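Asker: One structure coming up, written as structure tokens, with questions to follow.
Protein chains: 2
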Amino acid sequence: MPGPEDKTARSQVRTITDLARLAGVSPGTVSRALAGKSLVNTQTREKIEALAREHGFRPNQMASGLRRQKTGVIGVVIPLGHDTRQQISDSFFMTLLGFLADELTTHGYDLMLRRVVPESDPDWLDRFIGSGMIDGVIVIGQSDQFERIEEVADGYRSMVVWGNHTEGQRHCVVGTDNRLGGRLAAERLIAGGARRLAFVGDTGPMEFAARFAGAQDVAARMGLPPVLPLATHLSPDRASEEIAAHLARHGRAIEGIFAATDTLAALCLTQLRALGLAVPDDVKLIGFDDLPIARQTIPPLTTVRQDIAAGARGLVDLLLRRLGGETTESLVLPPELVVRETA
Amino acid sequence: MPGPEDKTARSQVRTITDLARLAGVSPGTVSRALAGKSLVNTQTREKIEALAREHGFRPNQMASGLRRQKTGVIGVVIPLGHDTRQQISDSFFMTLLGFLADELTTHGYDLMLRRVVPESDPDWLDRFIGSGMIDGVIVIGQSDQFERIEEVADGYRSMVVWGNHTEGQRHCVVGTDNRLGGRLAAERLIAGGARRLAFVGDTGPMEFAARFAGAQDVAARMGLPPVLPLATHLSPDRASEEIAAHLARHGRAIEGIFAATDTLAALCLTQLRALGLAVPDDVKLIGFDDLPIARQTIPPLTTVRQDIAAGARGLVDLLLRRLGGETTESLVLPPELVVRETA
DNA sequence: ATTCCTGTTGCAAACGTTTGCAATATGATT
DNA sequence: AATCATATTGCAAACGTTTGCAACAGGAAT
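Top line first, the protein sequences correspond to chains A and B.
Residue numbering for the first sequence follows my numbering, beginning at 1 and increasing consecutively.
Residue numbering for the second sequence follows my numbering, beginning at 344 and increasing consecutively.
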């Protein structure tokens with residue numbers, strides 16, 4: 001039944017003023033009716049709503065945003081460290097992003113996604129905030145920008161960060177207790193009989209550094225030799241060779257490997273197999289994250305689980321509270337050791 | 344050196360008018376200077392730019408957008424089908440999203456991400472477009488919304504869709520030639536000696552249907568029995584059991600499996616192993632996508648590669664052309680068979 | 001009949017930018 | 001000296017909503 005004349009009618013109504021003319025009221029009344037304000041007569045409201053539906057009219061969000069000084073949009077920014085290419089396709093961040101999208105939608109917010117390279121754009125955070133397009137910002141990962149974020153946090157309240165919590169920091173952060181996670185991993189490895197441990201992954205990013213430190217804590221406490229850091233990139237292609245090289249050099253001397261992420265752990269598994277080392281008999285292996293891949297490796301990975309959904313909920317909850325004027329503490333989530341078959 | 348008085352100075356300059364007052368010119372001139380228009384005196388421009396830098400001023404994008412009737416934001420929408428939960432964390436879509444973010448940023452656009460559930464919100468596409476917040480929209484996956492998208496495409500030009508191309512369709516689509524991909528897979532399986540083939544995955548979504556059809560083409564042409572469709576969900580947890588059930592029932596009778604995605608293929612591998620069936624000796628297996636996981640399974644997956652980066656480039660390129668008023672054809676990308684060790 | 005509510009509406013000024021047009025200054029040309 | 005072109009700038013009207021305030025109607029209370 002929608003003929004061409006219907007099309008024409010539709011394109012006629014672009015503004016709230018158009019609709020007001022049709023309804024025979026003033027723009028103000030239409031605005032109030034559509035916003036669901038109580039001070040408008042029920043009949044008038046229904047008439048306006050019917051017309052709006054009929055013509056598929058929606059108020060312009062830009063204009064609304066400008067006038068109300070809020071946009072209904074939350075910015076989500078992913079700072080890419082030196083390892084530029086990989087991070088965004090990193091499964092963990094992507095999964096978190098998915099949950100964030102859900103959670104924000106549930107609360108009536110839209111999500112504006114931005115990837116930035118802080119090195120080439122030192123102004124990345126202020127630019128986003130100052131754009132006037134977003135009501136608040138969620139930073140996914142501190143990368144190597146801890147200081148920058150701290151500075152901004154001093155003057156801007158509507159920000160929450162996913163990352164590692166450091167004593168006395170000024171920005172509100174949500175994240176797993178990485179250090180505790182590291183301890184859980186090391187304890188498990190050691191309980192299985194491993195004495196000489198290695199940590200596979202970059203210890204630069206704060207989260208990873210904390211995981212490493214946690215493992216180191218345990219080794220020290222137990223009087224074992226220090227955990228050997230085996231640096232790698234995050235992207236599977238580069239990490240793969242790097243792990244191979246590390247293992248070729250230290251392979252036999254290592255009894256337990258704690259990998260910074262499940263992705264890296266999976267690569268370790270492949271390389272260990274190539275070297276003829278049996279997991280967990282010759283070498284024990286533990287990952288971090290508990291991504292789907294952890295269940296699909298052979299044998300399935302023992303790993304330290306991060307509750308990504310809870311993380312997303314926490315981020316959004318805290319941010320909304322801050323938008324509402326509350327002052328919020330950081331939220332540190334407990335990691336959970338998931339025992340499968342590699343340690 | 345930035346003391347508290349600097350802070351104050353900063354917060355003083357919120358609008359272009361504030362800056363104009365400081366610079367001793369009119370707001371119009373400031374606007375022109377900051378926009379890099381040629382009609383402003385070099386000295387004036389430099390003075391204004393210096394002041395802007397000093398006070399960390401950035402023009403409000405909402406106001407600018409309202410006035411210019413464009414926002415510099417591209418909407419990216421992911422319609423979730425019945426299998427609600429999984430799709431967004433689906434590796435393929437997420438990877439595509441990452442590349443899209445890059446590509447849009449490169450062209451100076453921001454990305455507004457929205458997930459929608461068409462079932463509960465039939466108006467999903469018009470709502471997004473009508474919001475006035477975005478200059479154009481990229482739809483990731485047709486899901487079961489082909490008709491809805493077609494309707495919208497008739498009246499709205501600034502849209503490009505990732506998905507399957509169907510003869511005579513009216514919306515501009517970018518996607519892999521799924522049917523050809525299906526043919527490549529089936530041919531490889533058959534060349535390896537498999538006669539009785541199965542397709543693992545949901546044949547509902549158009550992309551998957553086309554992959555299945557391609558395999559069916561080859562089976563028919565070769566005079567083999569029809570390819571057996573083994574329906575599963577996309578999410579690993581549910582698919583896992585479903586695959587196990589299918590294989591328990593048909594296992595021995597199947598010589599070649601074509602999985603709709605690498606994720607499903609990896610699950611097949613696990614289940615086949617559990618049944619004591621050797622890959623590729625007893626059963627040959629081919630996936631689709633060539634995600635990182637394809638290289639990490641044991642043995643590594645033979646699969647049909649989609650060039651995700653090229654897809655993202657294509658989507659953005661076509662969309663920008665359409666924004667510029669061009670009429671564009673759809674873009675069908677060639678799949679590529681990647682031979683590893685499972686077939 | 002006057003006053004005073006209450007409920008509903010209209011008016012018009014914002015929100016911060018951009019941009020067509022007019023105004024001015026400056027120098028070049030006649 | 002008058003005229004004209006050019007280069008810069010200012011003015012003010014948009015863009016489409018929202019919202020404080022005033023206006024109005026109708027009825028209730030005096």
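Virtual Cβ for every residue (Gly too), placed ideally from N, Cα, C.
Note that this is a predicted model, so its numbers are computed, not measured.
Which residue or residues does DSSP assign as beta-bridge partners of B:Gly599?
Answerer: B:Leu540 and B:Lys627
Asker: Within 10 angstroms of the Cβ of A:Glu147, are there 16 or more other Cβ atoms? Answer buried if so, exposed if not.
Answerer: Exposed, because fewer than 16 other Cβ atoms sit within 10 Å of the Cβ of A:Glu147.
Asker: Nearest-angstrom Cα distance between B:Gly484 and B:His508?
Answerer: 11 angstroms
Asker: Enumerate in chain order the residues of its own chain whose CB-to-CB distance from B:Val516 is below 6 angstroms, with the five nearest sequence positions on each side excluded.
Answerer: Val504, Gly506, His508 and Ser673
Asker: Relative to the C-alpha of B:Pro568, which residue among B:Arg539, B:Ala558 and B:Ile586 is closest?
Answerer: Of the listed residues, the one whose Cα sits closest to B:Pro568 is B:Arg539.
Asker: Measure from the alpha carbon of A:Val346 to the alpha carbon of each residue in B:Leu456, B:Leu394 and B:Phe400, then state which is nearest.
Answerer: One cannot answer for residue 346 of chain A here, as it falls past the ends of chain A, which runs 1 to 343.
Asker: Please report whether the beta-carbon of B:Val622 lies at a distance below 9 angstroms from any beta-carbon of chain A.
Answerer: no
Asker: Nearest by alpha-carbon distance to A:Thr71: which of A:Gly130, A:Gly36 and A:Thr95 is it?
Answerer: When each option's Cα is compared against that of A:Thr71, the closest is A:Gly130.
Asker: Can you check whether the C-beta of A:Met344 is within less than 9 angstroms of a C-beta belonging to chain B?
Answerer: Nothing in the structure corresponds to residue 344 of chain A, since chain A is present only between 1 and 343.
Asker: Measuring CB to CB, does A:Asp262 end up less than 9 angstroms from A:Ser158?
Answerer: no
Asker: Return the residue from the list A:Gly28, A:Gly287, A:His233 and A:Thr302 that minimises the CA-CA distance to A:Gly81.
Answerer: A:His233
Asker: Taking only three categories from DSSP, how would you classify B:Gly418?
Answerer: strand
Asker: Taking A:Val76 as the reference, which of A:Val25, A:Leu275, A:Met133 and A:Pro300 has the closest Cα?
Answerer: A:Met133
Asker: For the alpha helix (DSSP H) containing A:Asp154, list its first residue and its last residue.
Answerer: Phe146 to Gly155
Asker: Once DSSP output is grouped into helix, strand and coil, what is the label at B:Asp560?
Answerer: helix
Asker: Just checking, does the segment 208 to 226 of chain A make contact with the segment 269 to 281 of chain A on the three C-beta pairs under 8 angstroms criterion?
Answerer: no
Asker: With B:Arg522 as the anchor, note down where its alpha helix (DSSP H) starts and where it stops.
Answerer: Asn521 to Ala534
Asker: Where does B:Asn521 land, buried or exposed, given buried means 16+ other C-beta within 10 angstroms?
Answerer: buried
Asker: Going along chain B in order, which residues have a C-beta closer than 9 angstroms to the C-beta of A:Gln145?
Answerer: Simply none; closest approach about 17 angstroms.
Asker: State the Cα-Cα distance for the pair B:Gly536 and B:Asp624, rounded to the nearest angstrom.
Answerer: 10 angstroms
Asker: Verify whether the separation of the beta carbon atoms of B:Ala591 and B:Lys627 is less than 9 angstroms.
Answerer: no
Asker: Going by beta carbon distance, what residues of the same chain come within less than 6 angstroms of B:Pro635, once the five residues before and after it are set aside?
Answerer: none
Asker: Is any heavy atom of the ligand GDP found at a distance shorter than 8 angstroms from the C-beta of A:Leu184?
Answerer: Absence of the ligand GDP is noted for the structure shown, with no ligands found whatsoever.
Asker: Could you tell me whether any Cβ in chain B is nearer than 9 angstroms to the Cβ of A:Met133?
Answerer: A:Met133 belongs to the set of residues whose beta carbon lies under 9 angstroms from a beta carbon in chain B.
Asker: Should B:Gln412 and B:Gly524 be called a contact, given that it needs their Cβ atoms to be closer than 9 angstroms?
Answerer: no
Asker: Distance, Cα to Cα, B:Ile481 vs B:Pro677?
Answerer: Per the coordinates, the alpha-carbon of B:Ile481 lies some 21 angstroms from the alpha-carbon of B:Pro677.
Asker: Along chain A, which residues have their Cβ under 8 angstroms away from the Cβ of B:Thr613?
Answerer: Simply Gln296 and Ile298.
Asker: Does the segment 55 to 67 of chain A come into contact with the segment 15 to 31 of chain A, if we say contact requires no fewer than three beta-carbon pairs (one atom in each stretch) closer than 8 angstroms?
Answerer: yes
Asker: For B:Val682, count the other beta carbons within 10 Å of its own beta carbon; 16 or more makes it buried, fewer makes it exposed. Which is it?
Answerer: exposed
Asker: What is the DSSP secondary structure of A:Arg14, counted as helix, strand or coil?
Answerer: coil
Asker: Just reading off the beta strand (DSSP E) that A:Ile140 is part of, what are its end residues?
Answerer: Residues Gly136 to Ile140.
Asker: Starting from the C-beta of B:Gly694, find all residues in its chain whose C-beta is less than 7 angstroms away, skip the five residues before and the five after it, and write them out in chain order.
Answerer: Absent from the model: residue 694 of chain B. The displayed extent of chain B is 344 to 686, so no value can be given.
Asker: Return yes when the Cβ of A:Arg115 is within less than 9 angstroms of the Cβ of B:Ala444, no when it is not.
Answerer: yes
Asker: Which residue from A:Leu267, A:Ala260 and A:Ile257 puts its Cα closest to that of A:Ser240?
Answerer: A:Leu267
Asker: Where DSSP assigns a beta bridge to B:Gly518, which residues make up the other side?
Answerer: B:Val675
Asker: Helix, strand or coil for A:Arg295, going by three-state DSSP, please let me know.
Answerer: helix
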